[in-house]
Each structure stands twice: as structure tokens, then as C-alpha cells.
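S.K.: Residue numbers (the numbering used here): 1 to 332.
A virtual CB, placed ideally from N, CA and C, is assigned to each residue, including glycine.
Owing to the predicted nature of the structure, the values given are computational and were not obtained by experimental measurement.
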């Protein structure tokens with residue numbers, strides 16, 4: 001009888017210890033979940049103002065959602081300098097390091113990392129058409145590990161702006177990179193719409209920044225104005241293009257406002273910082289486990305605004321109508 005009581009007391013003691021251990025275990029699991037560290041790889045195609053802004057917007061949005069560098073977030077930020085082998089090496093580094101998410105800025109960057117992993121979530125930005133770039137099954141239902149924000153331009157409105165600022169223009173010149181899917185798509189849309197308005201279109205394609213000057217010069221004698229899409233190669237070397245167009249007194253309507261700051265005449269386009277923020281919010285949803293790329297529809301830019309370079313307009317002798325100026329960001 002004495003032995004039986006001792007056994008019962010021991011059993012009760014063991015049960016109490018086990019219960020305490022289970023509670024402590026649950027507590028440590030909750031703590032580790034709250035203290036989870038996230039690793040994000042960022043691959044940017046090339047350095048220029050629009051892509052830099054998309055990068056900053058992404059980081060700021062993550063911070064707003066509680067993912068902050070130095071606290072619970074590590075960002076491996078890499079720039080490929082428009083080199084395909086660099087893109088490949090950067091993407092492989094992210095896969096090897098098993099990052100929690102990859103942020104790919106520009107179409108070639110996203111295509112490269114998407115070919116390297118089907119498991120790590122990829123959020124893209126500064127990509128015109130994800131479906132045409134073969135990154136997703138469809139823009140509405142991506143179906144894989146890629147989603148993001150599109151920088152498809154309001155091209156029709158941009159051509160309408162060109163006609164308003166340059167009413168005597170009959171022929172539009174377009175310089176773009178032949179290997180950039182996003183530029184090819186924009187050129188086709190622009191050409192179709194411009195021709196529907198009775199305008200003629202002349203194009204010159206480039207492969208690298210070294211081709212820009214010659215391509216622009218080949219068009220100056222044939223065109224009345226230029227249209228430049230959100231082309232990464234040209235955006236990274238806008239002063240080269242502008243040195244030719246200004247000398248020839250030809251206005252340039254641009255795909256986005258940073259190109260206008262670099263010497264273009266005007267645009268009605270995308271704010272890449274805000275587009276980066278959209279991508280950052282999508283990434284936060286993925287990191288929080290609220291959504292998966294496969295079910296996240298590709299988002300369109302939400303903030304469109306005109307921008308006008310008054311200094312460039314003065315050089316070209318162009319008067320900007322008041323109804324354009326009153327709703328535009330003015331670049332002096």
C-alpha cells in the first residue's frame with residue numbers, strides 16, 4: 001500500500017513535468033515564429049533612375065509591413081549591370097542560399113531567376129507583360145512561383161500627348177533594344193496606335209548603349225519627333241540619345257518621368273517608386289503566408305501622372321499648353 005502511494009505520487013510529478021515541458025515548448029515555438037528572420041534576394045538588371053526607384057519603393061513597403069533590414073530582414077541586393085552572365089550568377093547565388101523570396105527588377109532579371117527555380121517565390125517589377133515574357137501562364141492567374149507589378153505604359157495617352165505638344169509632327173521615330181521583350185511590345189502598340197492616327201513610324205533598334213548615337217542619328221533626318229519606351233538600355237544612357245535629338249531640334253516623348261528628368265520633353269506615365277511599393281506589398285503578403293504567387297494576379301500601375309521638362313521645351317521652342325502644365329510635374 002505504501003509502495004502504491006509512492007508510485008502514484010511519482011506519476012503525478014512526472015505528469016506535471018511533462019505538462020510544463022509541453023507548455024514551454026509551445027512558448028518557444030511561438031517565440032521563434034515571432035522572431036523569424038527573412039532573407040530576400042534582389043536582382044536589378046541595370047542601374048538607372050527608374051529601376052533604382054522601384055528598388056527603393058520595394059524596401060520601403062516591406063519596412064511599412066514590419067520587415068526591416070537589421071531587425072528581421074536581410075536583403076542581398078545585386079545589380080547585374082546589364083550582363084547576362086551576371087544575372088545567371090546572381091540567380092544561382094540566391095537559389096544556393098535558399099532565400100525566402102526573390103525580387104526581380106526588369107524582364108531579363110525575372111526570366112533568368114524564373115529559369116533557375118520553380119520553388120522560391122519571385123516577385124517582379126518593371127516588367128511590361130509577364131505572360132508575353134513567358135513568366136506566368138496568364139497575367140490574371142500566374143499559376144507558378146512568379147507574380148508582380150507591370151509597368152505597361154499608357155501608350156495611347158503618350159502618343160496623344162505627343163500630338164498635342166507637336167501638332168505638326170507627321171513622322172515619329174522610335175529607338176529601342178531589340179532583345180528587350182518589354183520594348184518590343186511597347187513599340188508594336190505605339191506603332192499601331194500612331195498609324196491609326198495618321199502618323200508614320202520609323203524605328204531603329206539597338207543591342208547596347210554603344211548603338212544609341214548611331215541609331216538616333218539614322219532617324220533625325222526622317223522624323224519630326226521621337227518616342228522612347230521604358231527601355232532599360234536607353235534609360236541607362238539617356239544623355240547619349242538626348243545629345244543627338246537636341247542637336248537636331250527633335251522633341252522626345254518618353255515612357256516614364258525619369259527619362260524626362262534626363263532630358264526628354266514630356267511623358268504621361270508611371271511612378272516607379274510607387275510601382276516598387278506595389279511589388280513590396282505583394283512580397284509582404286507572400287512572406288506573411290497570406291498569399292502564393294500562383295494565385296496573385298499581375299498588378300497594373302496605380303499612379304500615372306504627366307511630367308514636363310520646361311528647360312528642354314524652351315531649347316526646342318515648344319510652348320506647353322496650360323492644361324498640360326497644371327496637372328503635371330514640372331522639371332525645370
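1) By a C-beta neighbour count over all protein chains shown, 10 Å radius and 16 as the cutoff for buried, is residue 253 buried or exposed?
2) Thinking C-beta only, is residue 268 closer than 9 Å to residue 229?
3) Determine the DSSP secondary structure at residue 132, reduced to helix, strand or coil.
4) Suppose the cutoff is 8 Å on Cβ atoms and the five residues either side in sequence are ignored; what does the same chain contact list for residue 27 look like?
5) Taking 9 Å as the threshold (C-beta atoms), are residue 90 and residue 112 in contact?
6) Terminal residues of the continuous beta strand (DSSP E) containing residue 200?
7) Using the Cα positions of residue 22 and residue 44, report the straight-line distance between them to the nearest angstrom.
8) Are at least three pairs of beta-carbons, each pair with one atom in the region 233-247 and one in the region 278-288, less than 8 Å apart?
9) Is residue 314 near the ligand FAD - that is, is its Cβ less than 8 Å away from at least one heavy atom of it?
10) Report the residue from 231, 46, 121, 200 whose alpha carbon sits nearest the alpha carbon of residue 222.
11) Assuming residue 250 and residue 225 form a contact by the criterion Cβ under 8 Å, report the distance between their Cβ atoms to the nearest whole angstrom.
12) Pull the bridge partners of residue 330 from the DSSP assignment, please.
13) Should residue 191 be labelled buried (16 or more other beta-carbon atoms within 10 Å of its own) or exposed?
14) Using 9 Å as the threshold, is the C-beta distance between residue 122 and residue 145 below it?
15) So the candidates are 195, 236, 172, 180; which of them puts its Cα closest to the Cα of residue 218?
16) Using the Cα positions of residue 248 and residue 46, report the straight-line distance between them to the nearest angstrom.
17) If you measure between the beta carbons of residue 236 and residue 206, is that distance less than 9 Å?
18) Tell me the DSSP bridge mates of residue 76?
M.R.: In brief:
1) As a position in the chain shown, residue 253 is number 253, starting the count at 1. By the neighbour-count rule (16 or more Cβ atoms within 10 Å), residue 253 is buried.
2) Locating residue 229 in the chain shown gives position 229, counting from the first residue. Locating residue 268 in the chain shown gives position 268, counting from the first residue. No, the pair does not count as a contact, with Cβ atoms beyond the cut-off.
3) On the chain shown, residue 132 is found 132 positions in, with the first residue counted as 1. Here residue 132 sits in coil by DSSP.
4) By one-based count along the chain shown, residue 27 stands at place 27. Note that residue 27 scores 37 on pLDDT, short of 50, meaning its location in the model is unreliable; the coordinates nonetheless yield the value given after this. Answer for residue 27: no residue qualifies.
5) Here residue 112 refers to the residue found at position 112 when the chain shown is read from its first residue. Here residue 90 refers to the residue found at position 90 when the chain shown is read from its first residue. It is a contact, given that the beta carbons lie within the stated cut-off.
6) Mapped onto the chain shown, residue 200 falls at position 200. Element bounds for residue 200: 200-206.
7) Along the chain shown, read from residue 1 onward, the residue named residue 22 stands at position 22. Along the chain shown, read from residue 1 onward, the residue named residue 44 stands at position 44. The predicted model places residue 22 with a pLDDT of 41, which falls under 50 and marks its position as unreliable; any figure quoted below should be read in that light. Looking at the two C-alpha atoms, the distance is approximately 46 Å.
8) Result no; under three Cβ-Cβ pairs closer than 8 Å.
9) Because no ligand of any kind appears in the structure shown, any question about the ligand FAD cannot be addressed here.
10) Sequence index remark: in the chain shown, residue 222 carries index 222 (1-based). Considering only alpha carbons, the answer is 200.
11) Translated into positions along the chain shown, residue 250 becomes position 250. Translated into positions along the chain shown, residue 225 becomes position 225. At roughly 6 Å, the Cβ-Cβ gap stays under 8 Å, so residue 250 and residue 225 are in contact.
12) Here residue 330 is taken as the residue at index 330 of the chain shown, counted from 1. DSSP links residue 330 through a beta bridge to 308.
13) Translated into the one-based positions of the chain shown, residue 191 becomes position 191. With 16 or more other Cβ atoms within 10 Å, it is buried.
14) As a first step, residue 122 must be located in the chain shown, where it is residue number 122. As a first step, residue 145 must be located in the chain shown, where it is residue number 145. Cβ distance < 9 Å, so residue 122 and residue 145 count as in contact.
15) Taking the chain shown and counting its residues from 1, the one referred to as residue 218 is at position 218. Comparing Cα positions, the closest option is 172.
16) In the chain shown, residue 248 corresponds to position 248, counting from 1. In the chain shown, residue 46 corresponds to position 46, counting from 1. Taking the CA atoms as reference points, residue 248 sits about 29 Å from residue 46.
17) To locate residue 236, count along the chain shown from 1; it is residue 236. To locate residue 206, count along the chain shown from 1; it is residue 206. Not a contact, by the Cβ cut-off of 9 Å.
18) The residue labelled residue 76 in the question sits at position 76 within the chain shown. As computed with DSSP, residue 76 is found in a beta bridge with 41.
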